[in-house]
Amino acid sequence: MSDSPLNVLFVGHEASRTGAPIGFLSLMQWLKDRGSVKPTVWLRHGGITVNEHRPLGSMIVAGRDLDGVAPGPYQLAYLNTATLGPFAEALNLAGLPVVCHVHEMDFELHVTGDANLRQLRANVAHYIACSEAVKTDVMRLLGVDAEKISVVPECVDVD
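Just so you know, we're using this note's numbering here: the sequence shown kicks off at 174 and counts up by one.
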């Protein structure tokens, strides 16, 4: 196994100061600080923390699709929300293994729509659930086997 960092395309929905985006920023920074990843950050929408993302590496603030993201040197795509089913599909079709970090529970998963849930189910290689309750909902609503889901409690740097 190589000691070089993994080239990861991190895909987020926005750069706000809410739970999932702040946890996403903290996780990327933590992984980068340890030399584990060479991040490229693609954000669907900007927000108040865009400038805090810039030191991580290449960054794209885009619109509804993955314009500006070449199939490129990525070894993994990491989606930071279960709202990104179309992106899971596009990235999987481009040959990238896709990991989806799920923060949403039952109601919010339903709100993302049946098409989005189908795209996640068909294109995500592994899920990260922020709690046991989220894992249970992913298993039930998406029909995902427990072995494909890791529970990692949220990490937010409060400093």
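Just so you know, even glycine gets a beta-carbon here, dropped at the ideal spot from N, CA and C.
In this text the structure is predicted, and so the values were computed from the model without any measurement.
Start-to-end residues for the beta strand (DSSP E) that takes in residue i
| i | result |
| --- | --- |
| Ser231 | Ser231 to Val234 |
| Gly185 | Leu179 to Gly185 |
| Leu269 | No beta strand (DSSP E) contains Leu269, which DSSP labels as neither H nor E. |
Status (buried if at least 16 other CB within 10 Å, exposed otherwise) for residue i
| i | result |
| --- | --- |
| Val325 | exposed |
| Leu266 | exposed |
| Glu320 | exposed |
| Asn296 | buried |
| Ile221 | exposed |
| Val284 | exposed |
| Glu277 | buried |
| Phe280 | exposed |
Anticipated Cβ contact below 8 Å, residue i with residue j, distance rounded
| i | j | result |
| --- | --- | --- |
| Leu257 | Val210 | No, Leu257 and Val210 are not in contact; Cβ-Cβ is about 19 Å, not under 8 Å. |
| Val275 | Ala302 | 5 Å |
Residue i: CB within 8 Å of a non-hydrogen atom of the ligand PLP
| i | result |
| --- | --- |
| Arg291 | Although the ligand PLP was asked about, the structure shown includes no ligands whatsoever. |
Limits of the unbroken alpha helix (DSSP H) element including residue i
| i | result |
| --- | --- |
| Leu282 | Asp279 to Val284 |
| Ala263 | Gly258 to Leu266 |
Please specify which runs of the beta strand (DSSP E), each continuous and at least 3 residues long, are wholly inside the stretch 189-232, giving them in chain order.
Counting whole runs of 3 or more residues, the stretch 189-232 contains the beta strand (DSSP E) stretches 210-216.
Which runs of the alpha helix (DSSP H), 4 residues or longer, sit entirely within the stretch 286-327?
Here the runs fully enclosed are 287-296 and 305-315.
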